[in-house]
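Protein chains in written order, with this note's numbering: chain A, 1 to 347; chain B, 348 to 732.
Think of the CB as a built atom: it goes at the ideal place given N, C-alpha and C, for glycine as much as any other residue.
In this text the structure is predicted, and so the values were computed from the model without any measurement.
Each remark here refers to the structure printed beneath this line.
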Amino acid sequence: MDRETRDMLLDTAGRFFTERCGKEIVNGVEKGIWPADFWKEIEEMGLPLTAVPEDKGGVGGTLADLMAVLRLAGGHAVPVPLAETALAAMLVAAAGGTPKPGPAALALGPLAMAGGRLTGKVERVPFAGPAERFVAIADGMLVVVARANARVTLAPSHAGEPYGTVVFENAPAEFAARSAVTVERARELGALARAMQMAGAADKILATTVEYSKQRVQFGRPISTFQAIQHMLAELASCVAATIASAEAAARDADEGGLADGGSFSIAAAKTQASDFAQRIAALSHQSMGAMGFTHEHILHHYTRRLWVWRRDFGSESFWGEKIGAAVAKAGPPALWPALTESRYAS
Amino acid sequence: MSIPKLEFPPFHLPPEAEALRGEVRAFLKETLPAIKTEDRFASWNTASPDFSKALGRRGWIGITWPKQYGGGERSFLDRYVVTEELLGNGAPAGSHWVADRQSGPLLLRFGSEEQRQAILPRITRGECYFSIGMSEPDSGSDLASVRTRAEPVPGGFRVNGTKVWTSGAHRNHYCITLVRTSGQREDRHKGLSQLLVDLKTPGITIRPIINLAGRHDWNEVTFSDCFIPESCLIGNEGDGWLQVTSELAFERSGPERFMQNFYVLRELVRVLGRQPAKRAGAILGRLVARLWTLRQMSVAVAGMMQGGKSPAIEASLVKDLGTIYQQDLPEIARTLAESDATTEDDMADFLDIAQYATMMAPSYTIQGGTTQVLRGIVARGLGLR
Numbered sequence: 001m002d003r004e005t006r007d008m009l010l011d012t013a014g015r016f017f018t019e020r021c022g023k024e025i026v027n028g029v030e031k032g033i034w035p036a037d038f039w040k041e042i043e044e045m046g047l048p049l050t051a052v053p054e055d056k057g058g059v060g061g062t063l064a065d066l067m068a069v070l071r072l073a074g075g076h077a078v079p080v081p082l083a084e085t086a087l088a089a090m091l092v093a094a095a096g097g098t099p100k101p102g103p104a105a106l107a108l109g110p111l112a113m114a115g116g117r118l119t120g121k122v123e124r125v126p127f128a129g130p131a132e133r134f135v136a137i138a139d140g141m142l143v144v145v146a147r148a149n150a151r152v153t154l155a156p157s158h159a160g161e162p163y164g165t166v167v168f169e170n171a172p173a174e175f176a177a178r179s180a181v182t183v184e185r186a187r188e189l190g191a192l193a194r195a196m197q198m199a200g201a202a203d204k205i206l207a208t209t210v211e212y213s214k215q216r217v218q219f220g221r222p223i224s225t226f227q228a229i230q231h232m233l234a235e236l237a238s239c240v241a242a243t244i245a246s247a248e249a250a251a252r253d254a255d256e257g258g259l260a261d262g263g264s265f266s267i268a269a270a271k272t273q274a275s276d277f278a279q280r281i282a283a284l285s286h287q288s289m290g291a292m293g294f295t296h297e298h299i300l301h302h303y304t305r306r307l308w309v310w311r312r313d314f315g316s317e318s319f320w321g322e323k324i325g326a327a328v329a330k331a332g333p334p335a336l337w338p339a340l341t342e343s344r345y346a347s
Numbered sequence: 348m349s350i351p352k353l354e355f356p357p358f359h360l361p362p363e364a365e366a367l368r369g370e371v372r373a374f375l376k377e378t379l380p381a382i383k384t385e386d387r388f389a390s391w392n393t394a395s396p397d398f399s400k401a402l403g404r405r406g407w408i409g410i411t412w413p414k415q416y417g418g419g420e421r422s423f424l425d426r427y428v429v430t431e432e433l434l435g436n437g438a439p440a441g442s443h444w445v446a447d448r449q450s451g452p453l454l455l456r457f458g459s460e461e462q463r464q465a466i467l468p469r470i471t472r473g474e475c476y477f478s479i480g481m482s483e484p485d486s487g488s489d490l491a492s493v494r495t496r497a498e499p500v501p502g503g504f505r506v507n508g509t510k511v512w513t514s515g516a517h518r519n520h521y522c523i524t525l526v527r528t529s530g531q532r533e534d535r536h537k538g539l540s541q542l543l544v545d546l547k548t549p550g551i552t553i554r555p556i557i558n559l560a561g562r563h564d565w566n567e568v569t570f571s572d573c574f575i576p577e578s579c580l581i582g583n584e585g586d587g588w589l590q591v592t593s594e595l596a597f598e599r600s601g602p603e604r605f606m607q608n609f610y611v612l613r614e615l616v617r618v619l620g621r622q623p624a625k626r627a628g629a630i631l632g633r634l635v636a637r638l639w640t641l642r643q644m645s646v647a648v649a650g651m652m653q654g655g656k657s658p659a660i661e662a663s664l665v666k667d668l669g670t671i672y673q674q675d676l677p678e679i680a681r682t683l684a685e686s687d688a689t690t691e692d693d694m695a696d697f698l699d700i701a702q703y704a705t706m707m708a709p710s711y712t713i714q715g716g717t718t719q720v721l722r723g724i725v726a727r728g729l730g731l732r
């Protein structure tokens, strides 16, 4: 979509999230309450179909459009599988299928297909709880399995979102076709989505913390006027800016390079960077907000806890860092600088 | 909630700039082996007139300046590529660096026609080098408090005072010197001016200030009843503060703020060997990811500058993040080499390299604006002061 259309979409979605994705919804999910109406409205807006072509019933946007939506969603702690369902829909469409409505989850792991049936176990699947179907990649096939044909053991994330372990035992596929992407690529796309969600959350943390520091009065003046606080917030801003900048660069590279492998290195670097800075961002914001930010009452934890969880999803800084480091080491010192300037794995 | 958006819109260097990158790489590959320097690992502050002259012959100093002054009339992004290639390939670019980065642009913007014609072509040939005359014994971060006085006398100024931390003054030709031409120290930003000072002028004494690593980069430059002709005033008398702050924008935003000790990362790759253990690979990869991020941010800032914006806050953020990365790098690398270097000899050699880098690292968060000054600028950008 063109810039103007995207801005309109983001504007509409932003207003919707501001109005509808309040504290009750986010805290409700943590208590195990699925916000069915909220999800329905998200579907009515077409957000999970952002990157699905129009002839498949989608919005016809690009991967970059979807990533912009996910950054926005991250900035509202949207506690439903928008990223997962949207990526699943995009992958189903790319494999020639037509995505169905309802929340979906990505089950990326060591799975095998035999006789058209899926077998294997995937731990810590985000939003395994409410997912009506699971999208997996096994033996080069993109496979969609209905929830009824999978065994789910819930293990909520530390942000209170319904993650869980999913087991397939000769599960029949509701859709199966040659996948347009490898399972490694699907993990990359998941990592990109999380990097963008983390960028959104980080931005919200900065805004929340800055605003609070201007309101909170101690020793007779707003704490924002203390140099110690100003310097903490400036450092926070630099970590947030780096998180946003790396995620946005990766989203651009992924989009420009195509679905199969675009921006492979940039995504790895951005997810590494976002995950690496998550702790510093959380620590600085909590320190700036004192006890208030440590309460369940305040919204800060909606974002800091998500950063802590999201840094692990679809590969942590150790996972992606190791891939980058292994490539750099294998290629040797002279290949390092050219690879950096070209945003690609050293070779 | 409204705080300014800290956006670094992803920016692609244009094809011309990328084409130039290939030329610069080929030039460096051919030229660098023949250049002798005192440093095992050269960087932007390793001086080599031979190298600067060779670079000047290719037309890559003052690359953005008008042709009438010897420039190349190319874009700021072409300059960015030349700069980062010098850093990425360890070129000893210290002789001309300051002249190319800030003194030349300052003269172009505020200097007289006579000054431009006399100086700029020599800079572009790699023959004329500059020092920065800002800090004084009692004026570091608080630059507006400078005491060096230039008293108007017939035909010029009589200058008295002392500048310190003046890098390369013992090697360079000129020093753009911030002086008080009227008023008192308490008048702060008012009454300051900049002078184009020939470092050979009688009345100037240059004494070395040796840094903790035993290197002689810095100097103390003392002016005693030193006569500077009127023709050496840069811009208008009293506009010194405005001019010096525009100079600082050039000084802060470049890739030298995160690429100065790139050799540590490159040598780390060497000592870890082709197949490091998983943990070592992950730590290496995290360092690479951090550097990649800094570069994305810096390129975005270059894009904003090319687009006519003046991203002072963004530039401050990049310098803050970049200099702290450069301080972390040798420490992370040191411990990693101790546990994971492929041979004992490699490890011992690398520990020397890393230790040297650690010794140099305190300067990164001081020169060109301390971390605390930068964070003050960012805090102002966030609306906190």
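query, result
"For the alpha helix (DSSP H) containing SER540(B), name the first residue and the last one.", "Careful: SER540(B) lies outside any alpha helix (DSSP H), inside the beta strand (DSSP E) at 539–545."
"Less than 9 Å between the C-beta atoms of ALA688(B) and LEU619(B), yes or no?", "yes"
"Using a Cβ-Cβ cut-off of 9 Å, state whether VAL26(A) counts as contacting chain B.", "no"
"Under three-state DSSP, which class holds GLU420(B)?", "coil"
"Which residue marks the beginning of the alpha helix (DSSP H) containing TRP639(B), and which one marks its end?", "625–653"
"Once the 5 residues before and after ALA177(A) are set aside, which same chain residues still bring their CB inside 8 Å of it?", "ALA95, GLY96, GLY97, MET141, LEU142"
"Would THR471(B) be called buried (16 or more neighbouring beta carbons within 10 Å of its own) or exposed?", "buried"
"When the Cα atoms are used, what is the spatial distance from LEU259(A) to ALA662(B)?", "33 Å"
"Using a threshold of 9 Å, state whether the C-beta atoms of MET273(A) and GLU317(A) are closer than that.", "Rather than Met, the amino acid found at residue 273(A) in this sequence is Gln. Taking 9 Å as the Cβ cut-off, GLN273(A) and GLU317(A) qualify as a contacting pair."
"Go through its chain and collect everything with a Cβ distance to ALA346(A)'s Cβ below 7 Å, but skip five positions before and after it.", "ALA327, VAL328, ALA331, ALA335, LEU336, ALA339"
"Is the CB of ALA636(B) under 9 Å away from at least one CB in chain A?", "yes"
"If I measure Cβ to Cβ from THR393(B) and keep anything under 8 Å in the same chain, skipping five residues before and after, which residues do I get?", "THR384, GLU385, ASP386, PRO439, ALA440, GLY441"
"Please classify PRO413(B) as buried or exposed, where buried requires at least 16 neighbouring CB atoms within 10 angstroms.", "exposed"
"Over what stretch of residues does the beta strand (DSSP E) that includes PRO27(A) continue unbroken?", "Here residue 27(A) is Asn; the residue named in the question, Pro, does not match the sequence. It is not in any beta strand (DSSP E) - ASN27(A) instead sits in the alpha helix (DSSP H) that spans 23–30."
"Excluding the five sequence neighbours on either side, which residues of its own chain have a C-beta within less than 7 Å of the C-beta of ARG216(A), listed in chain order?", "PRO222, ILE223"
"Can you say whether LYS204(A) is buried or exposed, counting buried as having 16 or more other CB atoms within 10 angstroms of its CB?", "buried"
"Just tell me which of ALA497(B), ILE630(B), ILE660(B) has its CA closest to the CA of MET644(B).", "ILE660(B)"
"Is PRO555(B) helix, strand or coil when you go by DSSP?", "strand"
"Determine whether the beta carbon atoms of PHE127(A) and PHE168(A) lie at a separation below 9 Å.", "no"
"On the premise that ALA237(A) lies in contact with LEU206(A), defined as a C-beta separation below 8 Å, what is that separation, rounded to the nearest angstrom?", "6 Å"
"Would you report the Cα separation of THR378(B) and PHE398(B), rounded to the nearest angstrom?", "8 Å"
"Quick one: give me the first and last residue of the beta strand (DSSP E) that ARG133(A) is part of.", "133–138"
"By the three-class DSSP mapping on this structure, what secondary structure does LEU9(A) have?", "helix"
"Excluding five sequence neighbours on each side, which residues of the same chain lie with their C-beta closer than 8 Å to the C-beta of TRP308(A)?", "HIS158, ALA159, ALA278, GLN279, ALA282"
"ARG252(A) touches chain B at which residues, Cβ-Cβ below 7 Å?", "PRO357"
"So is LEU559(B) buried or exposed if we call it buried at 16+ other beta carbons inside 10 Å?", "exposed"
"Bridge partners of CYS522(B), per DSSP?", "SER478(B), VAL544(B)"
"So, does the segment 464–483 of chain B touch the segment 514–532 of chain B, judging by three or more C-beta pairs under 8 Å?", "yes"
"Once you ignore the five residues that flank ASP139(A) on each side, which residues in its own chain have a CB closer than 6 Å to its CB?", "MET113"
"Buried or exposed, going by whether 16 or more other CB atoms sit within 10 Å of the CB of ARG15(A)?", "exposed"
"What residues from chain A crowd round ILE630(B), counting only those whose CB sits closer than 8 Å?", "GLY321, GLY325"
"Tell me which residues share the same chain as ARG599(B) and place their Cβ nearer than 7 Å to its Cβ, disregarding the 5 neighbours each side in the sequence.", "ALA662, SER663, LYS666, GLY715, GLY716"
"Nearest CA to the CA of LEU453(B): which residue from LEU580(B), GLY655(B), ILE671(B)?", "LEU580(B)"
"Can you list the residues of chain B that ASP7(A) reaches, using a CB-CB cut of under 8 Å?", "By Cβ distance, chain B contributes nothing, its closest Cβ being about 14 Å from ASP7(A), past 8 Å."
"Enumerate in chain order the residues of its own chain whose CB-to-CB distance from GLU342(A) is below 6 Å, with the five nearest sequence positions on each side excluded.", "none"
"Can you list, in chain order, the residues of its chain with a C-beta nearer than 8 Å to that of VAL725(B)? Leave out the 5 residues immediately preceding and following it.", "ILE660, SER663, LEU664, ASP667"
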